[in-house]
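Peer 1:
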Amino acid sequence: MMNSYRLHYAPDNASLVIRLVLEELGQPYECVLVDRRAKAQTSAEYRALNPNGLIPVLETPDGPVFETAAILLWLSERHSALAPPPSSPDRAAFLKWLFFASNTLHADLRMLFYPKKYIGPDADQQAQLQHVLRQRLHQHLTHLDQAAAARPSWFGAVHPSVLDYYLACQIRWMALYPAQADRSWFTLAHYPSLHRLCATLESRAAVAVACEAEGLGPTPFTQPSYANPSEGSAT
2 MMNSYRLHYA PDNASLVIRL VLEELGQPYE CVLVDRRAKA QTSAEYRALN PNGLIPVLET
62 PDGPVFETAA ILLWLSERHS ALAPPPSSPD RAAFLKWLFF ASNTLHADLR MLFYPKKYIG
122 PDADQQAQLQ HVLRQRLHQH LTHLDQAAAA RPSWFGAVHP SVLDYYLACQ IRWMALYPAQ
182 ADRSWFTLAH YPSLHRLCAT LESRAAVAVA CEAEGLGPTP FTQPSYANPS EGSAT
């Protein structure tokens with residue numbers, strides 16, 4: 002049985018969320034680079050861990066876990082931290098926004114970043130899809146900002162939750178990707194409660210460690226810059 006965790010990662014990918022949470026929990030873990038430039042995520046070895054060929058995978062004492070939200074929920078329950086416990090009256094609200102972040106927000110981001118995978122090679126159709134997705138993302142962020150404005154203990158509070166870290170990383174990616182596209186549609190200041198959440202996280206020791214490891218700079222969420230990692234590639 003494993004005595005610690007093994008995180009299969011690529012810089013500034015969804016594995017960043019898991020790294021941040023492991024650091025926040027103070028859990029020992031080993032990082033294994035998945036070389037995206039070499040398409041290592043499509044290898045038979047990696048697909049034995051995640052048949053979908055997506056990053057991340059967290060190897061645990063209970064076996065490999067994939068899907069970002071599943072890993073986050075598993076870690077929060079395993080360590081009784083960074084989320085309301087199952088007996089809490091806050092649990093239902095926390096779960097609905099965690100799954101919204103995964104099933105709706107993150108899914109729309111993937112389509113925005115990789116439209117060709119969803120609609121084919123036609124550039125005009127890709128542009129139309131991205132236009133619609135930007136409108137949807139604005140709605141998603143508005144709803145999340147309103148939820149965070151209520152300042153529940155599990156969303157934008159002094160002590161972060163797994164949801165906080167998940168959303169902060171997605172906000173970072175909205176500001177940076179697709180690298181060659183017009184990203185003027187997104188302004189974090191338009192969502193003041195989410196901006197406060199991101200600024201609060203940037204003072205956490207866990208964020209400093211992750212930024213150093215993946216070359217993210219000092220303000221990875223409020224004023225992000227492209228990753229400059231010591232190994233691997235974000236794309």
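If you're matching positions, the sequence shown starts at 2 in the working numbering and goes up one per residue. Ideal placement from N, C-alpha and C gives every residue a C-beta, glycine not left out.
1) Just to confirm the assignment, what range does the beta strand (DSSP E) spanning residue 135 have?
2) Return the bridge partner residues of residue 57 from the DSSP annotation.
3) In terms of residue numbering, what span does the beta strand (DSSP E) encompassing residue 1 cover?
4) Quick one: Cα of residue 6 to Cα of residue 19, how far?
5) What residues match up with residue 6 in a beta bridge as DSSP calls it?
6) Compute the beta-carbon to beta-carbon distance between residue 1 and residue 130, rounded to the nearest angstrom, for a pair I have assumed lies under 8 Å.
7) Compare the C-alpha of residue 195 against each of 209, 223, 53, 233 and name the closest.
8) Check the C-beta distance from residue 11 over to residue 56 and give it rounded, since I have them as a contact under 8 Å.
9) Can you tell me whether residue 65 is helix, strand or coil according to DSSP?
10) With DSSP as the reference, label residue 230 as helix, strand or coil.
11) Leaving aside the five residues before and after residue 85 along the sequence, list all residues of the same chain whose C-beta is less than 7 Å from its C-beta, in chain order.
12) Alpha carbons only, please: which of 166, 136, 193, 169 is nearest the one belonging to residue 151?
13) Could you give the C-beta distance for residue 69 and residue 167, rounded to a whole number, given that I count them as a contact under 8 Å?
14) Using only the alpha-carbon positions, how far apart do residue 67 and residue 45 sit?
15) Any contact of the segment 19-28 with the segment 204-212, i.e. 3+ C-beta pairs under 8 Å?
16) Closer than 7 Å by C-beta to residue 231: which residues in its own chain qualify, once you throw out the five before and the five after it? Chain order, please.
17) Drop a sphere of 10 angstroms on the beta-carbon of residue 123, count the other beta-carbons inside from all chains shown, and report buried for 16 or more, exposed for fewer.
18) Return the chain-ordered list of same chain residues with a C-beta closer than 7 Å to the C-beta of residue 187, the five sequence neighbours on each side being excluded.
19) Give the DSSP-derived three-state secondary structure of residue 82 in the structure shown.
20) Distance check for residue 228 and residue 214, CA to CA, integer angstroms please.
21) Is it buried or exposed, residue 163, if we count other Cβ atoms within 10 angstroms and call 16 or more buried?
22) When DSSP labels each residue in this structure, what does residue 104 get in the three-state scheme?
23) Grab the span of the alpha helix (DSSP H) containing residue 44 for me, first residue to last.
Peer 2: Inspection of the coordinates gives the following:
1) No beta strand (DSSP E) holds residue 135; the alpha helix (DSSP H) holding it covers 124-150.
2) Bridge partners of residue 57: none, in fact.
3) The requested residue 1 does not occur in the structure, where the chain is confined to residues 2 to 236.
4) 11 Å
5) 30
6) Residue 1 lies beyond the residue range present for the chain, which begins at 2 and ends at 236; the question has no answer from this structure.
7) Of the candidates 209, 223, 53, 233, 223 places its Cα closest to the Cα of residue 195.
8) 5 Å
9) strand
10) Here residue 230 sits in coil by DSSP.
11) Correct list, in chain order: 91, 92, 95, 155.
12) Per the Cα distances, 193.
13) 7 Å
14) 16 Å
15) yes
16) 216
17) exposed
18) 175, 176
19) Coil, per DSSP.
20) 10 Å
21) Buried is the call here.
22) In the structure shown, residue 104 sits in a helix (DSSP, three-state: H, G or I).
23) Counting along the chain, residue 44 falls outside any alpha helix (DSSP H), and DSSP gives it neither H nor E.
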